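A.B. asks: Below you'll find the structure I mean.
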Amino acid sequence: MKSDCMQTTICQERKKDPIEMFHSGQLVKVCAPMVRYSKLAFRTLVRKYSCDLCYTPMIVAADFVKSIKARDSEFTTNQGDCPLIVQFAANDARLLSDAARIVCPYANGIDINCGCPQRWAMAEGYGACLINKPELVQDMVKQVRNQVETPGFSVSIKIRIHDDLKRTVDLCQKAEATGVSWITVHGRTAEERHQPVHYDSIKIIKENMSIPVIANGDIRSLKEAENVWRITGTDGVKKKMTLQWAAVATFLYAEIGLILIFCLPFIPPQRWQKIFSFNVWGKIATFWNKAFLTIIILLIVLFLDAVREVRKYSSVHTIEKSSTSRPDAYEHTQMKLFRSQRNLYISGFSLFFWLVLRRLVTLITQLAKELSNKGVLKTQAENTNKAAKKFMEENEKLKRILKSHGKDEECVLEAENKKLVEDQEKLKTELRKTSDALSKAQNDVMEMKMQSERLSKEYDQLLKEHSELQHSSFGEFLSKRSHKNGSIGKQTGSRKGSFRKRQQEKTVNFIKDTCNILCQNDNFVMLASRKFKFRKMHYDRFVIFLMPHIGCIVMALSKYLMMFQIYCKVCIPALKKNISMLNTIFTY
116 MKSDCMQTTI CQERKKDPIE MFHSGQLVKV CAPMVRYSKL AFRTLVRKYS
166 CDLCYTPMIV AADFVKSIKA RDSEFTTNQG DCPLIVQFAA NDARLLSDAA
216 RIVCPYANGI DINCGCPQRW AMAEGYGACL INKPELVQDM VKQVRNQVET
266 PGFSVSIKIR IHDDLKRTVD LCQKAEATGV SWITVHGRTA EERHQPVHYD
316 SIKIIKENMS IPVIANGDIR SLKEAENVWR ITGTDGVKKK MTLQWAAVAT
366 FLYAEIGLIL IFCLPFIPPQ RWQKIFSFNV WGKIATFWNK AFLTIIILLI
416 VLFLDAVREV RKYSSVHTIE KSSTSRPDAY EHTQMKLFRS QRNLYISGFS
466 LFFWLVLRRL VTLITQLAKE LSNKGVLKTQ AENTNKAAKK FMEENEKLKR
516 ILKSHGKDEE CVLEAENKKL VEDQEKLKTE LRKTSDALSK AQNDVMEMKM
566 QSERLSKEYD QLLKEHSELQ HSSFGEFLSK RSHKNGSIGK QTGSRKGSFR
616 KRQQEKTVNF IKDTCNILCQ NDNFVMLASR KFKFRKMHYD RFVIFLMPHI
666 GCIVMALSKY LMMFQIYCKV CIPALKKNIS MLNTIFTY
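Using the numbering used here, the letters of the sequence shown map in sequence onto residues 116 to 703.
Have a look at this one:
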């Protein structure tokens with residue numbers, strides 16, 4: 116053994132707890148205990164090649180406690196031999212606790228060999244036979260924990276598997292409940308020597324444990340160690356988050372980032388509305404509802420799985436912290452519980468933020484529409500206010516102008532009223548004049564009517580006289596013609612011809628004069644366009660019977676036309692003027 120000075124220095128180096136290596140996140144390279152090989156020289160050599168944890172060869176605890184010579188030969192160490200685990204073969208809890216107390220200042224922990232398949236060991240009650248005695252293993256672990264009070268001193272076991280894997284799992288769980296720091300599992304049964312290692316059994320054991328599990332068996336290189344870890348999932352490498360939970364965590368961080376971006380105060384909702392109106396979002400919108408429901412279903416499934424894990428580690432597989440239990444085992448259980456709770460929070464918050472994100476996008480779009488409508492209404496209100504202000508200003512100006520020019524306007528109105536009164540008087544006088552002229556014209560018309568009646572009477576008398584003359588002259592003519600001779604007939608014929616010519620000339624001249632008078636009248640219109648064609652054979656009858664009538668008719672028509680002309684020139688303009696004056700009066 117070493118001197119007291121060396122013991123003090125080594126004790127300072129042994130204060131570190133080796134269990135921390137399994138939580139460091141790095142691959143833990145462990146040199147397994149090998150009979151006659153794992154001595155100090157070999158341990159010093161492997162430490163130069165980055166070995167993290169070394170074991171001593173198996174030491175029988177009874178010989179180690181009873182013999183100083185055995186202690187000096189079996190256990191040697193130095194200051195650089197750290198961390199170090201001393202492996203004991205024991206079947207008695209008191210002897211094991213005494214041996215642990217002896218090596219406590221020089222080692223970081225002890226390991227109970229419950230997996231050695233050698234016949235002599237099993238015959239003495241050591242090694243693999245202990246896997247059939249879980250109560251003895253528990254008793255030895257408890258005794259060591261009670262005797263050794265050094266903080267950070269580990270107690271571990273190394274076992275082989277049973278043919279019935281449930282018994283192996285039960286043994287490991289009982290050892291875990293007792294307070295072992297970790298368990299090393301050799302993946303063969305006690306009867307197997309060179310058969311393939313059952314790494315699947317190690318994986319099942321690891322899944323049912325909350326403390327570190329070290330895989331052992333046919334690991335000869337670092338690459339093989341990594342492969343075994345991938346197969347079994349044992350400790351020694353940092354337990355990374357699984358792919359599904361890493362994806363959920365990434366999704367959660369993306370949701371938080373999007374929500375923070377949407378909540379930025381300097382990006383208005385109108386800008387988001389423009390971004391959402393891109394063609395890309397239109398194409399995505401067709402699959403949006405399906406993707407939304409799919410993600411919700413996945414998150415719900417993961418959330419329920421996390422709830423199951425939390426219930427598993429909080430109720431069924433929770434190790435109660437007591438004075439006899441190992442604190443590290445309790446911490447590992449709590450770490451499992453923490454990971455399950457972490458997964459629960461990740462899935463729950465992802466589901467919650469996914470719903471919040473959808474609702475937030477909907478609210479942003481609605482807010483953008485409302486703000487656009489508000490902007491339109493605001494512009495309309497501003498325009499209305501401007502127009503109202505403008506009209507109010509104009510109204511104020513008009514009021515001021517009316518106040519300043521009120522007296523002048525009253526004077527102007529009085530003058531206009533006086534002028535209107537004067538115009539009204541003038542119109543009244545003119546109306547009187549026109550009424551007088553109208554009465555005179557009516558009197559003239561009455562006189563002309565009376566004259567026309569007189570003329571018609573005279574014309575009737577003339578017709579009667581003319582008819583009488585015709586009858587009398589024609590009878591006389593016939594009587595004279597019957598009694599006279601041919602000479603008399605010639606004289607009368609010449610006389611009749613001269614008389615007819617004179618009557619014809621008088622009639623033609625009278626008609627010409629009448630036509631000239633009528634043509635001089637402006638309001639006369641020639642209605643007859645036909646010309647009289649006087650035939651000689653009927654001329655006598657025309658002159659005798661028609662000419663007097665035509666003359667009288669023409670004379671009567673000329674008189675009536677003259678009266679109508681006077682009426683149109685005098686009465687109608689006067690009436691028009693009076694009517695216009697009356698209209699102006701009524702308008703005023």
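We treat Cβ as the ideally placed atom computed from N, Cα and C, and that holds for glycine. Since we're looking at a predicted model, the values are computed, not measured.
Please report how far the alpha carbon of L251 lies from the alpha carbon of P232, in whole angstroms.
C.D. replies: Here residue 251 refers to the residue found at position 136 of the sequence shown. Here residue 232 refers to the residue found at position 117 of the sequence shown. In a straight line, the C-alpha of L251 is about 18 Å away from that of P232.
A.B. asks: What are the residues that DSSP puts in a beta bridge with S271?
C.D. replies: Indexing the sequence shown from 1 puts residue 271 at position 156. S271 is bridged to D226.
A.B. asks: Considering only the alpha carbon of each residue, which of V263, G267, N261 and A204 lies closest to N223?
C.D. replies: The residue labelled residue 223 in the question sits at position 108 within the sequence shown. Considering only alpha carbons, the answer is G267.
A.B. asks: In or out: A502 buried (at least 16 other Cβ within 10 Å) or exposed?
C.D. replies: In the sequence shown, the residue the question calls residue 502 occupies position 387. Flag for A502 reads exposed.
A.B. asks: When the Cα atoms are used, what is the spatial distance from T477 to V270?
C.D. replies: If you number the sequence shown from 1, residue 477 lands on position 362. If you number the sequence shown from 1, residue 270 lands on position 155. Taking the straight line from one Cα to the other gives about 60 Å.
A.B. asks: Measuring from the CB of L417, is there a heavy atom of the ligand NAP at a distance below 7 Å?
C.D. replies: As for the ligand NAP, it is missing from this structure, which has no ligand bound.
A.B. asks: Of all the alpha helix (DSSP H) runs that stay within the bounds of the region 259-323, which reach a length of 4 or more residues?
C.D. replies: You should have 280-293 and 314-322.
A.B. asks: In terms of residue numbering, what span does the alpha helix (DSSP H) encompassing Q194 cover?
C.D. replies: Sequence index remark: in the sequence shown, residue 194 carries index 79 (1-based). Per DSSP, Q194 belongs to no alpha helix (DSSP H) and is neither H nor E.
A.B. asks: Just the Cα atoms here: how many angstroms apart are L737 and N488?
C.D. replies: It is not possible to answer for residue 737, since the shown part of the chain is limited to 116 through 703.
A.B. asks: Could you tell me how far apart the beta carbons of F190 and V175 are, in whole angstroms, since I believe they sit closer than 8 Å?
C.D. replies: To locate residue 190, count along the sequence shown from 1; it is residue 75. To locate residue 175, count along the sequence shown from 1; it is residue 60. That pair is no contact at about 12 Å.
A.B. asks: Where do the ends of the alpha helix (DSSP H) carrying Y368 lie?
C.D. replies: As a working mapping, residue 368 is identified with position 253 in the sequence shown. Per DSSP, Y368 belongs to the alpha helix (DSSP H) from L358 to F377.
A.B. asks: Which residue comes first and which comes last in the beta strand (DSSP E) that contains L168?
C.D. replies: Taking the first residue of the sequence shown as position 1, residue 168 is located at position 53. Taken as a continuous stretch (DSSP letters only), the beta strand (DSSP E) holding L168 covers L168 to Y170.
A.B. asks: Relative to the C-alpha of L142, which candidate in S429, I329 and K389 has its C-alpha closest?
C.D. replies: Along the sequence shown, read from residue 1 onward, the residue named residue 142 stands at position 27. Out of S429, I329 and K389, I329 has the C-alpha closest to the C-alpha of L142.
A.B. asks: With a 10 Å radius around its C-beta and 16 neighbouring C-beta atoms as the bar for buried, classify C219 as buried or exposed.
C.D. replies: Within the sequence shown, residue 219 is the residue found at index 104, counting from 1. Buried.
A.B. asks: Looking only at its chain, what residues have a beta carbon closer than 6 Å to the beta carbon of I346, apart from the 5 residues adjacent to it on each side?
C.D. replies: Residue numbering aside, residue 346 sits at position 231 when the sequence shown is read from its first letter. So the qualifying residues of the chain are Y314.
A.B. asks: Would you mind giving the Cβ-Cβ distance between E183 and A205, rounded to the nearest angstrom? I have them listed as a contact below 8 Å.
C.D. replies: In the sequence shown, residue 183 corresponds to position 68, counting from 1. In the sequence shown, residue 205 corresponds to position 90, counting from 1. It is Ile, not Glu, that sits at residue 183 in the sequence shown. At roughly 19 Å, the Cβ-Cβ gap does not stay under 8 Å, so I183 and A205 are not in contact.
A.B. asks: Whose CA, out of F402, C287, L535 and L459, lies closest to the CA of L367?
C.D. replies: Within the sequence shown, residue 367 is the residue found at index 252, counting from 1. The shortest Cα separation from L367 among F402, C287, L535 and L459 belongs to L459.
A.B. asks: Counting pairs of Cβ atoms below 8 Å between the region 252-261 and the region 300-309, do you hit three or more?
C.D. replies: The region 252-261 vs the region 300-309: no contact.
A.B. asks: For M149 and A406, I'd like the C-alpha separation in whole angstroms.
C.D. replies: Within the sequence shown, the letter at position 34 stands for residue 149. Within the sequence shown, the letter at position 291 stands for residue 406. Their backbone Cα atoms lie some 58 Å apart in a straight line.
A.B. asks: What's the gap between the Cα of D213 and the Cα of Y152?
C.D. replies: Counting from one through the sequence shown, the residue named residue 213 turns up at place 98. Counting from one through the sequence shown, the residue named residue 152 turns up at place 37. Going from the Cα of D213 to the Cα of Y152 covers about 25 Å.
A.B. asks: What residue from K289, V471 and E341 has the CA that sits closest to I374's CA?
C.D. replies: In the sequence shown, residue 374 corresponds to position 259, counting from 1. Among K289, V471 and E341, the Cα nearest to that of I374 belongs to V471.
A.B. asks: Under three-state DSSP, which class holds F179?
C.D. replies: Taking the first residue of the sequence shown as 1, we reach residue 179 at position 64. Three-state result, F179: helix.
A.B. asks: Hey, is the region 315-324 in contact with the region 276-292, meaning 3+ C-beta pairs nearer than 8 Å?
C.D. replies: Enough Cβ pairs lie closer than 8 Å, so yes.
A.B. asks: Under a three-way DSSP split, which group does F203 fall into?
C.D. replies: Walking along the sequence shown from the start, residue 203 turns up at place 88. DSSP places F203 in strand when its eight states are reduced to three.
A.B. asks: So what's V143 in DSSP terms, helix, strand or just coil?
C.D. replies: As a first step, residue 143 must be located in the sequence shown, where it is residue number 28. The answer is coil: DSSP assigns V143 none of H, G, I, E or B.
A.B. asks: How would you label T494, buried or exposed, when you count the other beta carbons within 10 angstroms and need 16 or more for buried?
C.D. replies: Within the sequence shown, numbered from 1, the residue matching residue 494 stands at position 379. That one is exposed.
A.B. asks: Less than 8 Å between the C-beta atoms of A496 and S462, yes or no?
C.D. replies: Within the sequence shown, numbered from 1, the residue matching residue 496 stands at position 381. Within the sequence shown, numbered from 1, the residue matching residue 462 stands at position 347. Not in contact: A496 and S462 (Cβ atoms no closer than 8 Å).
A.B. asks: So if DSSP puts V328 in a beta bridge, which residue, or which two residues, is it bridged to?
C.D. replies: Translated into the one-based positions of the sequence shown, residue 328 becomes position 213. The partner list for V328 (beta bridge, DSSP) reads I298.
A.B. asks: Helix, strand or coil: how does DSSP classify I174 here?
C.D. replies: The residue labelled residue 174 in the question sits at position 59 within the sequence shown. Strand.
A.B. asks: Determine the direct distance from the alpha carbon of F137 to that of Q297, and round the result to whole angstroms.
C.D. replies: Counting from one through the sequence shown, the residue named residue 297 turns up at place 182. Counting from one through the sequence shown, the residue named residue 137 turns up at place 22. Reading the sequence as shown, one finds Trp at residue 297 and not Gln. Each residue's alpha carbon lies about 10 Å from the other.
A.B. asks: What is the C-beta distance between L452 and V425, in whole angstroms, given that I count them as a contact (C-beta under 8 Å)?
C.D. replies: Looking up residue 452 in the sequence shown gives position 337. Looking up residue 425 in the sequence shown gives position 310. Contact holds; Cβ gap of about 7 Å.
A.B. asks: CA-CA distance, I334 and P172?
C.D. replies: Mapped onto the sequence shown, residue 334 falls at position 219. Mapped onto the sequence shown, residue 172 falls at position 57. If I take the Cα positions, the gap works out to 18 Å.
A.B. asks: Could you have a look at F468 and say whether DSSP puts it in helix, strand or coil?
C.D. replies: By one-based count along the sequence shown, residue 468 stands at place 353. In the structure shown, F468 sits in a helix (DSSP, three-state: H, G or I).
A.B. asks: Would you identify the three-state DSSP class for V476, choosing helix, strand or coil?
C.D. replies: Position 361 of the sequence shown holds residue 476. Three-state result, V476: helix.
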